[in-house]
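Asks: First, the structure itself, so that you have it in front of you.
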Amino acid sequence: MTTSTLLNAFRSNDSIAPLALRLAAGIIFAAHGAQKLFGWFGGYGLEGTGQWMASIGLEPGYFMALMAGSAEFFGGLLLILGLLTRPAAFVLAITMVVAIVTVHLPNGLFMSNNGYEFGLSLLAISVSLGLSGAGKFALDNLVAAKLADSTDNQ
């Protein structure tokens, strides 16, 4: 991977709009991941979440709970920091597609019926951040500046 390719992964537009998306989605994702991983905020932890995932056909349940919980918890933290925003958003988008298709789609759109509207909203935010990058006030900008400096010095 060349430095310029890596640089493109960290560059983003200079807007403040992604900050609002990063903070809100990051908090939501991190909290949902903490429910799955640690049983915080009324969650069931890895054991309980793994058993539930196995019951709906996502096998092996414990591993799937670990993967989904890690994607959400660590991906959410990365969004909050604005670090590795595009890769985190990509992983979170995939996580939301899996959640929508395997859990929520048969229930219709509305959350009141355990539908997919909330997952679809988080998917849209993730795709938006994947396209725009982190925006202002993000650690990605510091990494991009360092990579640009190293490219200029070569």
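83 is the number that this note's numbering gives to position 36 of the sequence shown; each next residue is one higher, with no gaps. For glycine and all other residues, C-beta sits at the position ideal for the given N, C-alpha and C.
Please tell me whether Phe57 and Val148 are closer than 8 Å, where the distance is taken between their beta carbons.
Replies: As a working note, residue 57 is residue 10 in the sequence shown. As a working note, residue 148 is residue 101 in the sequence shown. No, Cβ-Cβ distance for Phe57 and Val148 is not below 8 Å.
Asks: Between Gln82 and the rest of its own chain, which residues show a CB-CB distance below 6 Å, the 5 nearest in sequence each way excluded?
Replies: Your numbering for residue 82 matches position 35 in the sequence shown. Around Gln82: Phe88, Gly90.
Asks: My output table needs one value for Ser117: the three-state DSSP class, helix, strand or coil.
Replies: Within the sequence shown, numbered from 1, the residue matching residue 117 stands at position 70. Ser117 falls in the helix class under three-state DSSP.
Asks: Which same chain residues, not among the five before or five after Leu156, have their C-beta less than 7 Å away from its C-beta?
Replies: Here residue 156 refers to the residue found at position 109 when the sequence shown is read from its first residue. Here the set comprises Gly162, Tyr163, Glu164.
Asks: Where does the unbroken alpha helix (DSSP H) through Arg133 begin, and where does it stop?
Replies: The residue labelled residue 133 in the question sits at position 86 within the sequence shown. Its alpha helix (DSSP H) spans residues 132-146.
Asks: DSSP three-state label for Ala128, please.
Replies: Against the sequence shown, residue 128 aligns to sequence position 81. Rather than Ala, the amino acid found at residue 128 in this sequence is Leu. In this structure, Leu128 counts as helix in the three-state DSSP scheme.
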